[in-house]
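In our numbering, the protein residues as written are 958 to 1232. Note that CB positions come from ideal geometry on N, CA and C, so glycine has one too.
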């Protein structure tokens, strides 16, 4: 089974340089629809069980991979399950637990400071408002949007490096500032779609539309992308660039993800959810 349906040469897209705002919005929504079909299982790839775990995991994910964070947080949350426990953590012990995530001293300081702020200002509970979340040490707008969207069900666009790169490649924005990108993209979609647009675009950036070698030749939105041709356009060569569950040899994992098995179930079955 192919990771992508109908792997064949795709025609270079012909997006007009004079694309109207309405045409841009329609094209953006067609891209989202196609990505929804490609990644029906798209979710936040950080493992969490509650808002506190997601907040800490997202803060720790800076300058490292979600795979690394997911390997670190089970022991971390077993030892410090909530803000009160984390606020009372021994700094040296916490540093050792966070060492694998990189920049562990700075991350330890942020985790301790934000946990203390949650205890002191919010009675130990992660706040569910953006204006409160961004007051926490180490928490910016992107982290706040991730927590609100995935732990509280508040629609939001989460702009990480993958999302920003693809938003520019798709012609949705020409901005490099994360807040400007968020606002530009928000204009193209209904608020109810913001969270899933974020997941799908980030999934696509990790699996196909890579920073250095995008796999244009097997991209399901190639005909809608003004940046087609920046990467490998030959389908056979492009297929070798695919990552995660789309990579050659991982057809069983892809099938099980499409069938709706959870990430926890897949790990329990022995699948590694990394590249």
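CA-to-CA distance, residue 1055 to residue 1032, given in whole angstroms: The straight-line gap separating the alpha-carbon atoms of residue 1032 and residue 1055 is approximately 10 Å.
Simplified DSSP state of residue 1192, which is helix, strand or coil: helix
Alpha carbon of residue 1067 to alpha carbon of residue 1030, nearest angstrom: 16 Å
Candidates 1231, 1166, 1092 and 1082: closest to residue 1198 by CA position: 1166
Cβ neighbour criterion (16 or more within 10 Å) applied to residue 1136: exposed
Pairwise C-alpha distance: residue 976 and residue 1043: One Cα belongs to residue 1043, the other to residue 976, and the distance between them is close to 51 Å.
Which listed residue (987, 979, 978 and 974) has its alpha carbon closest to that of residue 1181: 987
8 Å contact criterion, which residue 1103 and residue 1011 should meet: CB distance rounded: 7 Å
Cβ contact (3+ pairs, closer than 8 Å) linking the segment 1151-1165 and the segment 1104-1113: yes
heavy atom of the ligand ATP below 6 Å from residue 1159 C-beta: In the structure on display, the ligand ATP does not appear, and there are no ligands present to speak of.
For residue 1129 and residue 1161, the rounded distance between their alpha carbons: 15 Å
Coil, strand or helix - residue 977 by DSSP: coil
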